[in-house]
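Just so you know, the protein sequences line up as chains A and B, in that order. Each residue of the first sequence is one higher than the one before, counting from 181 in the working numbering. Each residue of the second sequence is one higher than the one before, counting from 411 in the working numbering.
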Amino acid sequence: MMLALVIAAAIGLSGTWLALTQGTAYGGVTIGAWTGWPKNGTPGIDPYARAIVARTGELPIGSGDGVAFYARTDDAGQPLDGRCDVLLSGVTPQARFWTLTLYDPEGRLVANSAQRQGFTSQEIIRNADGSFDVNVGPRARPGNWLPTGGVEKYLLVLRLYDTPVGMATRTGREAPMPAITKRACS
Amino acid sequence: MIRVALWLLGALLLAGIVHLATVLVLPRMAGQDAYARVSAIAPVNAVVPVPTPTPEKAIMPFMDPAFEVSICRYDLSRGPLKFSVPIGQAYTSVSFYTRSDVAYYAINDRAAGRRVIELDLMTAAQRADLPENEEITAADRLIVTSPTITGLIVIRALAPEPGFVAAARGVLAAAQCRSQ
């Protein structure tokens, strides 16, 4: 009897803990390495996402404002490592503005000598065809360099503001996201 | 043997209930959610600037550093609230969150279609109490209904390049939220 209760409490609580720390909220839109949860910016946010938001203390971006896409891995599924050189290249979905920001896994900005934590669509240097390349890595690079500060793990957040991308978006053809490719590691 | 199996089955069922109950109750119990964090710096029914996030210090995780942010922590228990913010040169948005951090409404400068985003915030009961003739003039005034008596209005002004930070702060400094 007691054993059964203890098992129940242990499994139930660890299940909750796992669900809230591993970020397994439902209803995400995954395009390449990027996943967004447009529904989290509406009253229809699901209970798991609500519990995650309550635990982390963040405010989800409202759906009339924009949508955020998170990348924790490269296109090959390897976790993003701040000691490696990573190339982000391509175009973004239609939006009036977008921002690209680098965070540690807890959602803090990462300190670095260049004091750069991200790019806005206005700051970025583009190629002749409108696409762009961002070098994400620990060492300074010419062009768009997003420093990682050498942290072991990080994630990239691409936020689209005033955009048609939302809950109805399903595929990369509607919303082309930049590719994330790992280069050399130091 | 069967007895043990039954106990285990019961334990698993109970585990499922514990799991669901904790997921549902947690948002109500969380002591460090966004509303609690903001309450530490924001008095009720006033617009206060939120410090720009830095690697050392940020009031909330995952804040977009390209934006200047101000927050009005509202309380509608004494009546509706009037809110206004002028529109800057760059992107400006106003998002509304309930007491439990659910985004229930957001509007940006272009959707507002004017030089000022101006609206009245009230509860469903207060809206029902509006006199009839006011309901007619309400056609040209934006009314937002809050599902909860308290909550957050988050005003965000984009500084697309570092040189635009001062302009974005200027927009936010002119934002107003006050009890009617």
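Cβ coordinates follow ideal geometry from the N, Cα and C atoms, glycine included. Keep in mind that this is a model prediction, so the values were computed, not measured.
Ala516 of chain B: member of the beta strand (DSSP E) spanning 513-518, first to last residue. For the pair of segments examined, the region 513-521 of chain B was found to touch the region 233-243 of chain A: the number of CB pairs separated by less than 8 Å reaches three.
For Val433 of chain B, the closest Cβ of chain A is nearer than 8 Å.
With a beta-carbon spacing of about 6 Å, Ser480 of chain B and Val460 of chain B fall inside the 8 Å limit used to define contacts. From the beta-carbon of Tyr283 of chain A, the residues of chain B found nearer than 8 Å are Pro471, Phe472. Residue range 412-439 is occupied by the alpha helix (DSSP H) that includes Ile427 of chain B.
Sequence-distant Cβ neighbours of Asn324 of chain A in its own chain, meaning closer than 7 Å and more than five residues away, are Phe299, Ile304, Ile305, Phe312, Asp313, Val314, Asn315. A:Val290 is the residue among A:Ser301, A:Val290, A:Trp197, A:Arg235 whose C-alpha sits nearest the C-alpha of Lys333 of chain A.
As a beta-bridge residue in DSSP terms, Ala359 of chain A pairs with A:Ser269. Across the region 428-455 of chain B, CB contacts with chain A closer than 7 Å involve Val428, His429, Thr432, Val433, Leu434, Leu436, Pro437, Ala440, Gln442, Asp443, Ala444, Arg447, in sequence order along the chain.
In terms of Cα proximity to Lys362 of chain A, the closest of A:Ala190, A:Glu286, A:Leu267, A:Pro356 is A:Leu267.
Look at the region 554-582 of chain B and you find these whole runs of beta strand (DSSP E), each 3 residues long or longer: 560-568.
Inter-segment contact for the region 328-344 of chain A and the region 271-280 of chain A is present: three or more beta-carbon pairs are separated by less than 8 Å.
Counting C-beta atoms within 10 angstroms of its own C-beta, Cys365 of chain A has fewer than 16 neighbours from the protein chains shown and is therefore classed as exposed. The criterion of a C-beta distance shorter than 8 Å is not satisfied by Met357 of chain A and Lys219 of chain A. Put simply, the backbone Cα of Trp197 of chain A is about 43 Å away from that of Ala584 of chain B.
Under the three-state reduction of DSSP output, Gln536 of chain B falls in the helix class.
Excluding residues up to 5 positions away in sequence, Asp226 lie with their Cβ nearer than 6 Å to the Cβ of Tyr206 of chain A in the same chain. Taking the Cβ atoms as the reference, Gly329 of chain A lies roughly 6 Å from Gly262 of chain A, within the contact range of under 8 Å. Cβ contact annotation for Leu335 of chain A (same chain, cutoff 7 Å, sequence separation greater than five): Tyr250, Ala251, Arg252, Leu260, Tyr283, Pro285, in chain order.
At a cut-off of 8 Å, the C-beta of Ile559 of chain B has no neighbouring C-beta in chain A.
Following the DSSP letters along the chain, one finds Arg339 of chain A inside the beta strand (DSSP E) bounded by residues 335-341. If you look at Tyr228 of chain A, you'll find it isn't in any beta strand (DSSP E); it sits in the alpha helix (DSSP H) that goes 227-236. Using a CB distance below 8 Å, the part of the region 261-281 of chain A facing chain B consists of Arg276, Phe277, Thr279, Thr281, ordered along the chain. Taking the CA atoms as reference points, Leu419 of chain B sits about 46 Å from Ala450 of chain B. Distances from the alpha-carbon of Gly257 of chain A to those of A:Ile232, A:Ala213, A:Pro344, A:Asp265 put A:Ala213 closest. Counting along the chain, no beta strand (DSSP E) covers Thr196 of chain A; the unbroken alpha helix (DSSP H) around it starts and ends at 182-201. Using a CB distance cut-off of 8 Å, Gly287 of chain A counts as an interface residue toward chain B.
Not flagged as an interface residue toward chain B: Glu332 of chain A, since no C-beta distance is shorter than 8 Å. For the pair Glu354 of chain A and Gly287 of chain A, the CB atoms are not nearer than the 8 Å cut-off. Ranked by Cα distance from Arg566 of chain B, the first of B:Pro541, B:Val575, B:Ala576, B:Leu582 is B:Leu582. When the Cα atoms are used, Gly192 of chain A and Leu422 of chain B turn out to be separated by approximately 8 Å. In the structure shown, Asn307 of chain A falls within a coil segment according to DSSP collapsed to helix, strand and coil.
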